[in-house]
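Colleague: The sequence shown begins at 435 in this note's numbering and counts up by one. Positions of the beta carbon are idealized from the N, C-alpha and C atoms, including for glycine. In this text, all values refer to a predicted model and were calculated from it rather than measured experimentally.
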Amino acid sequence: MSNRADVLEANLRTLFREHDERAPAGLARSVDLAQPVNEDTTLTGHRFLDLLETLYVVRRLDVEARALKDRDEGYYTIASAGHEVNAAVAAALRPTDPAFLHYRSGGFFVERARQVPGQTPIFDILLSLTASADDPISGGRHKVFGSIPLWIYPQTSTIASHFPKAVGHAIAIERAKHLGLPLPFPGDSIVVCSAGDAGLNHSTALGAANAALWAHYQHLPVPILFVCEDNGLGISVHTPSGWIEKRWGAQAGLEYFHADGLDLAATFDTARRAVEHCRRRRAPTFLHLDVVRLLGHAGSDVELAYRDIEEIKEGEARDPLALNTRRALEAGLATGSELEALYDASRDRVERASREAASRPHLDSAAEIMRPLAPYSATEVRAEAERDDYAAARADHFGGVDRLPELDKPRPLAQLLNWGLHDSLAKYPEMLVFGEDIAKRGGVYGVTAQLAEKTSAGRVFNTLLDEQSILGMALGAAQLGFLPVPEIQYLAYYHNAEDQIRGEASTLQFFSNGELSNPMVIRIPGWGYQRGFGGHFHNDNSIAALRDVPGVVIASPARGDDAVGMLRTAMALARIDGRIVFFVEPIALYRTRDLLDEGDGGWLDVFPAPGIAVELGRARVYDDNAGDNPALTIVSWANGLWRSLRAARVLREQHSIGACVVDLRWLLPLDLETVCEQASKTGRVLIVDEGRRTGGVSEALVTGLVEAYADRTAGALPRIERYCGEDTFIPLGPSSGHVLPDEDGIVQRALALAAKPAATAGVATARTDVRADDKHLAEGS
Ligand SMILES: Cc1ncc(C[n+]2csc(CCOP(=O)(O)OP(=O)(O)O)c2C)c(N)n1
Ligand SMILES: [Mg+2]
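#1: Would I1091 pass as a contact of A1188 if the rule is Cβ separation under 9 Å?
#2: At a threshold of 8 Å, does R575 count as lining ligand 2 (C-beta to nearest heavy atom)?
#3: Can you tell me whether H856 sits near ligand 1, meaning its C-beta is under 8 Å from at least one heavy atom of the ligand?
#4: Of the choices G960, A808, L1029, G877, whose alpha-carbon is the least far from that of S951?
#5: Determine the direct distance from the alpha carbon of E814 to that of E1049, and round the result to whole angstroms.
#6: Jot down the residue ranges of each uninterrupted alpha helix (DSSP H) in the region 918–948, minimum 4 residues, whole runs only, in chain order.
#7: To the nearest angstrom, how far is it from the Cα of K594 to the Cα of K747?
#8: So, for R707: in the same chain, excluding its five sequence neighbours on each side, which residues have a beta-carbon less than 8 Å away from its beta-carbon?
#9: Return yes when the C-beta of N665 is under 8 Å from any heavy atom of ligand 2, and no when it is not.
#10: Would you mind sorting A1060 into buried or exposed? The rule is 16 or more other CB atoms within 10 Å of its CB.
#11: CA-CA distance, G573 and F945?
#12: So L659 packs on C712, CB below 8 Å; how close in whole Å?
#13: Select from R1118, A1142, A1008, S799 the residue whose C-alpha is nearest the C-alpha of L1185.
#14: Hey, A1053 and T1108 are a contact pair by Cβ (cut 8 Å); roughly how many whole angstroms apart?
#15: Use the C-beta contact count for N437: other C-beta atoms within 10 angstroms, 16 or more gives buried, fewer gives exposed.
#16: By DSSP's criteria, V1122 is part of a beta bridge. Which residues make up the other side?
#17: Residues in its own chain within less than 6 Å of D694 by CB, not counting five upstream and five downstream?
#18: Between the region 449–457 and the region 514–521, do at least 3 Cβ pairs fall closer than 8 Å?
#19: Return the chain-ordered list of same chain residues with a C-beta closer than 6 Å to the C-beta of K503, the five sequence neighbours on each side being excluded.
#20: Alpha carbon to alpha carbon, what distance is there between A1150 and A1195?
#21: Any heavy atom of ligand 1 closer than 8 Å to the CB of S595?
#22: What does a CB cutoff of less than 8 Å around Y862 pick up in its chain, not counting 5 residues either side in sequence?
#23: At which residues does the beta strand (DSSP E) containing Y1024 begin and terminate?
#24: Just to confirm my understanding: we take A819, look at its own chain, exclude 5 residues before and 5 after, and list those with CB closer than 7 Å. What are they?
#25: Just the Cα atoms here: how many angstroms apart are I872 and L909?
#26: Sorry if obvious, but does the Cβ on D631 come closer than 8 Å to a heavy atom of ligand 1?
#27: Taking just the CA atoms, how far does F868 sit from P1175?
#28: Hey, would you say the C-beta of S734 is under 8 Å away from at least one heavy atom of ligand 1?
#29: Considering only heavy atoms of ligand 2, does any lie closer than 8 Å to the CB of R741?
#30: Rounded to whole angstroms, how far is the Cβ of A860 from the Cβ of H831, which I believe are closer than 8 Å?
#31: Could you tell me the distance, in whole angstroms, from the CA atom of H731 to the CA atom of Y928?
#32: If the criterion is Cβ atoms closer than 9 Å, does the pair L535 and F597 meet it?
#33: From V1131, S890, R1126, Y1157, pick the residue whose C-alpha is nearest to that of R981; which is it?
#34: Would the C-beta of T592 count as close to ligand 2, meaning under 8 Å from any of its heavy atoms?
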């Protein structure tokens, strides 16, 4: 028999039949099912049989997943086989304890569903396997274990990426209680986070566990239960024998529990103790379950390529279905034929549901697939951004109505940003601000100064030095209703944690069909041009890794008044539509006061009062230098804007060339409409992009312009030139000037561009003619 699933099933059937043949006299049930199944456990006969049924169901789901795949009706075959007893962990928890699950935690999923009335876990899993649009969690977008009524957050394959947010979620439960914010489940809930043995070596898992222990060490409550489903393998790589216990056992602050994860009663009892410890002590807890991997890593896995058949058979001899079936028979909980009937009924239910699931529709358009990615309720977001009903809280926060920041004199970007954050903290009681050095130190550049002092304890806090944990904290807190505003100290340091946004935060709305979200505004001081603090890491100018994340918004203000108005909109986008907003701040402009001449105060702004906000994706046009007949349009943002405005003055005063300057402000989405409008006036566009030539915003701008003009019958594509940062890291010291756009360079390029003829209507005519030709051809054929 080459199909290993058939081998396992045949073993089980032999067990059913041999038991009844051997003990015909004992065919009637011999024990009281309300009693524990043996002296060593609290698991009753009833519960044991229910759990056994879950095991049967989950096994049949795994077999069915492969049958669906063979019929090209199912698309995922990573099984729970051999891990099914994780059902007993669910039985030891409450169905309201939030869970982030390993992809083999099918037993947990089904068992938890049994605890909540009205659930259809079999059908739900099959709808997910068949990628049906009716899948209640992802709507046909991915195979995940997730369910809103079951408090299981959708999770799929990335190893350990869920750990940081699980820890963040656990900390956030306690933070919500401390701040008096409502919780959607009981206050003594704990978070469960499961993974495989190989996955626990991942730096993300280790970092998250470290963050939990770091917090716990300081007496902060962190009610998280880590569960390791240890099958001794990571695809083909063996975990060294005893490694998990050696690495995770006996650590200060982490209580370690171990059980035979094949044995229902042992797992249930140990899980109960672990859960009890975690719930009572509000402390990180580790539950180590020894399990076995059956049916290979996934359906496509040829196990024989890296394991010999004897090893595979040894694993099969430990099948938890057989083991617990034998226990049930030996304890007299049921007869072989009764259990076989239970198994067959499970099989029938799964197969019936599978036929139905396979007949359900798939998502059938890009628009429908993308629907949850970037929701935007423009009217509501605008109203929320302009909402000014928090006057009392503001006055309290700023120390009186006569000390409100809008009454102060014009100030630079860093100060207005700081006030903007104060203002937001007054507006949103659920807002949290955290990161490295952001509390007493006020951040590296003082942007978060006094935030901690002016708010109740626990809303503004320093984290440990680990960007993955910072973002994980944001994800976990956001999923609980907070509005996190984490800070990543420098743009370069976002990159070592970017999967938390790329793989986790940005996928939540996608994987939950828009039902769940993790709104946040991620502040990142970035870009180049810092004086006195040079080199690549403090002057990272590449935002390519932000731009390719579906659904996110990127804001990059250049000056204080815009920064405040944009922050209000960013917070509103997060609150209303659950969006993730990157807020990339130009460090080099934080303290800039002047624009054109020393002492002119041209880069200082008055704090915009509540009610003023900058609309998402709306650029700002500076045409003071343009005159009646501007020669070119300069498109830029952040540091590039400041340089472009200075260059525009030189162009006008020294060369009599008018240039209008567009500040994009939002780098995703781009305001192509305004860019085109301004470009059409001049027929020449100079893009000043302080990011890199490759992967930078300028690429999107050129493409956007070309596409926009291709669709226009009136007007020709303007001449477009790019002035970008080079494709290099920024060097230390004055040499950095060679690789970034500067004022002189803008002037030179603008002069050269202005000397060329602007695009003329002829170009458009030529294109129109070509189209006419095509039409003619088509008609002729
Ligand atoms: C970050 C990451 N790297 C690699 C993979 C590919 N991968 C999928 S499962 C797996 C092995 C995981 O082993 P383990 O954590 O022990 O879980 P098991 O499958 O044995 O239950 C690997 C390497 C992945 N999903 N994520
Ligand atoms: Mg493993």
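Modeller: For this structure:
#1: Translated into positions along the sequence shown, residue 1091 becomes position 657. Translated into positions along the sequence shown, residue 1188 becomes position 754. Taking 9 Å as the Cβ cut-off, I1091 and A1188 qualify as a contacting pair.
#2: In the sequence shown, the residue the question calls residue 575 occupies position 141. For ligand 2, not one heavy atom lies less than 8 Å from the Cβ of R575.
#3: Sequence index remark: in the sequence shown, residue 856 carries index 422 (1-based). H856 Cβ: outside cutoff for every heavy atom of ligand 1.
#4: As a working mapping, residue 951 is identified with position 517 in the sequence shown. Selected option, being the one with the closest Cα: A808.
#5: If you number the sequence shown from 1, residue 1049 lands on position 615. If you number the sequence shown from 1, residue 814 lands on position 380. Roughly 12 Å separates the two Cα atoms.
#6: Qualifying alpha helix (DSSP H) stretches, in chain order: 925–928, 942–945.
#7: The count along the sequence shown starts at 1 and reaches residue 594 at position 160. The count along the sequence shown starts at 1 and reaches residue 747 at position 313. Reading off the sequence shown, one finds Ala at residue 594, where the question assumed Lys. A direct Cα-Cα distance of roughly 29 Å separates A594 from K747.
#8: Locating residue 707 in the sequence shown gives position 273, where the first residue counts as 1. Once the five neighbours on either side are set aside, the close Cβ partners of R707 are F691.
#9: Taking the first residue of the sequence shown as position 1, residue 665 is located at position 231. Distances between the C-beta of N665 and the heavy atoms of ligand 2 include at least one below 8 Å.
#10: Position 626 of the sequence shown, counting from 1, holds the residue named residue 1060. Counting Cβ neighbours within 10 Å, A1060 comes out buried, since at least 16 surround it.
#11: For the purposes of this step, residue 573 is taken as residue 139 along the sequence shown, with counting starting at 1. For the purposes of this step, residue 945 is taken as residue 511 along the sequence shown, with counting starting at 1. Straight-line Cα distance between these residues: approximately 8 Å.
#12: As a working mapping, residue 659 is identified with position 225 in the sequence shown. As a working mapping, residue 712 is identified with position 278 in the sequence shown. That pair is a contact at about 5 Å.
#13: Along the sequence shown, one-based indexing puts residue 1185 at 751. Checked all of R1118, A1142, A1008, S799; the closest Cα to L1185 is R1118.
#14: The residue given as residue 1053 occupies position 619 in the sequence shown. The residue given as residue 1108 occupies position 674 in the sequence shown. Their Cβ separation, rounded to whole angstroms, is 4 Å, which keeps A1053 and T1108 in contact under 8 Å.
#15: On the sequence shown, position 3 is the one that residue 437 refers to. With fewer than 16 Cβ atoms within 10 Å of its Cβ, N437 is classed as exposed.
#16: The residue you call residue 1122 lines up with position 688 of the sequence shown. BP columns for V1122 point to Y1157.
#17: Taking the sequence shown and counting its residues from 1, one reaches residue 694 at position 260. So the list reads A700, D724, once near-sequence residues are dropped.
#18: These segments do not touch.
#19: One-based indexing of the sequence shown puts residue 503 at position 69. The answer, listed in chain order, is T511, G733.
#20: Position 761 of the sequence shown, counting from 1, holds the residue named residue 1195. Position 716 of the sequence shown, counting from 1, holds the residue named residue 1150. Note that A1195 has pLDDT 43, beneath the 50 cutoff, so the model's placement of it is unreliable and the number below is only indicative. Put simply, the backbone Cα of A1195 is about 5 Å away from that of A1150.
#21: Translated into positions along the sequence shown, residue 595 becomes position 161. Within the cutoff, so yes.
#22: Taking the first residue of the sequence shown as 1, we reach residue 862 at position 428. Once the five neighbours on either side are set aside, the close Cβ partners of Y862 are L917, M1005, R1009.
#23: Against the sequence shown, residue 1024 aligns to sequence position 590. First-last for Y1024: undefined, no H or E at that position.
#24: Here the question's residue 819 lines up with position 385 in the sequence shown. Shown here for A819: same chain residues with a beta carbon closer than 7 Å to its own, the five before and five after excluded, namely R1002, T1003, A1006, A1047 in chain order.
#25: The count along the sequence shown starts at 1 and reaches residue 872 at position 438. The count along the sequence shown starts at 1 and reaches residue 909 at position 475. If you take the alpha carbons of I872 and L909, they lie about 19 Å apart.
#26: Here residue 631 is taken as the residue at index 197 of the sequence shown, counted from 1. Answer for D631: yes, Cβ within range of ligand 1.
#27: Counting from one through the sequence shown, the residue named residue 1175 turns up at place 741. Counting from one through the sequence shown, the residue named residue 868 turns up at place 434. Whole-angstrom Cα-Cα distance: 33 Å.
#28: In the sequence shown, counting from the first residue as 1, residue 734 sits at position 300. With a threshold of 8 Å, the Cβ atom of S734 does not count as near ligand 1, since no heavy atom of the ligand is closer than that.
#29: Counted from its first residue, the sequence shown places residue 741 at position 307. With a cut-off of 8 Å, the C-beta of R741 is classified as distant from ligand 2, since no heavy atom of the ligand falls inside that distance.
#30: Position 426 of the sequence shown, counted from the first residue, corresponds to residue 860. Position 397 of the sequence shown, counted from the first residue, corresponds to residue 831. The Cβ separation is near 4 Å, so the contact holds.
#31: Locating residue 731 in the sequence shown gives position 297, where the first residue counts as 1. Locating residue 928 in the sequence shown gives position 494, where the first residue counts as 1. The alpha-carbon atoms of H731 and Y928 are separated by roughly 33 Å.
#32: Start at 1 with the first residue of the sequence shown, and residue 535 comes out as number 101. Start at 1 with the first residue of the sequence shown, and residue 597 comes out as number 163. With contacts defined as CB atoms closer than 9 Å, L535 and F597 fail to qualify as a contacting pair.
#33: Taking the sequence shown and counting its residues from 1, the one referred to as residue 981 is at position 547. The residue from V1131, S890, R1126, Y1157 with its alpha-carbon nearest to that of R981 is V1131.
#34: Counting from one through the sequence shown, the residue named residue 592 turns up at place 158. Not under cutoff, so the answer is no.
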